[in-house]
Structure formats: structure tokens, C-alpha cells
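Q: Okay, here's the structure, questions in a sec.
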Amino acid sequence: MSVIEIIKGKQGTIVDVRTPMEFSGGNAEGSINIPLQELDKRIEELKSLKQPLVLCCASGGRSGQATQFLKQQGIECFNGGSWLDVNYYQTQTA
Numbered sequence: 000m001s002v003i004e005i006i007k008g009k010q011g012t013i014v015d016v017r018t019p020m021e022f023s024g025g026n027a028e029g030s031i032n033i034p035l036q037e038l039d040k041r042i043e044e045l046k047s048l049k050q051p052l053v054l055c056c057a058s059g060g061r062s063g064q065a066t067q068f069l070k071q072q073g074i075e076c077f078n079g080g081s082w083l084d085v086n087y088y089q090t091q092t093a
């Protein structure tokens, strides 16, 4: 299953790894904000979320770092890239 299919089908949880200030300026519908620098402290919370996780940020760089880190922790996740792309895919019909 592709990351786009996961987003369209609401198969997992969207996690935005931007700062709270960036997140408050706009975000993908239904996403939760866990900043990149807090991931290591919030592993148990992340493991409890509906998986797979789709990680997003402003451009895909931080979500790429987060994806690598979380996969090493045994969490099923994908880099969704920009939150704007994730938001766009959510509006498409599955």
C-alpha cells in the first residue's frame, strides 16, 4: 500500500513533526503535532497511535528524519512529505 493510499483511506495516523508554532499556522486535517525534537521522549505515545504513521512537515526533510528514527524503534511509518501534500491527498476520494 502506498503512502497516498494510506492517507486517502484514513488507514493510520498523520503526525506533523513541525514546531507547535508552525503547526498552528496550518495543518492537515486530523493530524497530531509531535515536534521532531520530542520524538525520542514520546515513543510510547507514538507506539499507541493507530499505525501506520504518516509523518509530515513543511517540505519532507524533518519527516524523513523522523521516519528513519521511528522505523529503528520498530514503528511502521511513512514519510508523507509536506503537510500541504498530505492535506491535498486527504481531499481526494479513495
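Numbered according to numbering that gives the first Met the number 0, the sequence shown spans residues 0 to 93.
Where is the CB? At the ideal position from N, CA and C, for every residue including glycine.
1) Could you pull the DSSP bridge partners for F68 from this structure?
2) Quick one: measure Cβ to Cβ for L69 and C76, integer angstroms, because I've assumed they're closer than 8 angstroms.
3) Among G8, L45, R61, which has the Cα closest to the Cα of Q89?
4) Helix, strand or coil for L35? Go by DSSP, reduced to three states.
5) Tell me whether T18 sits in a helix, a strand or coil according to DSSP, three-state version.
6) With DSSP as the reference, label N78 as helix, strand or coil.
7) Which partner residues does P53 have in the DSSP bridge list?
8) Would I33 and V16 qualify as a contact pair, given that the criterion is a beta-carbon distance under 8 angstroms?
9) Once you ignore the five residues that flank L38 on each side, which residues in its own chain have a CB closer than 8 angstroms to its CB?
10) To the nearest angstrom, how far is the alpha carbon of S1 from that of Q71?
A: To lay it out plainly:
1) For F68, which the question treats as bridged, DSSP gives no partner whatsoever.
2) 5 angstroms
3) G8
4) helix
5) Note: T18 maps to coil in three-state DSSP.
6) strand
7) Looking at the sequence shown, residue 53 is not Pro but Val. Partner(s): I13, F77.
8) yes
9) V16, L45, A65, F68, L69
10) 20 angstroms
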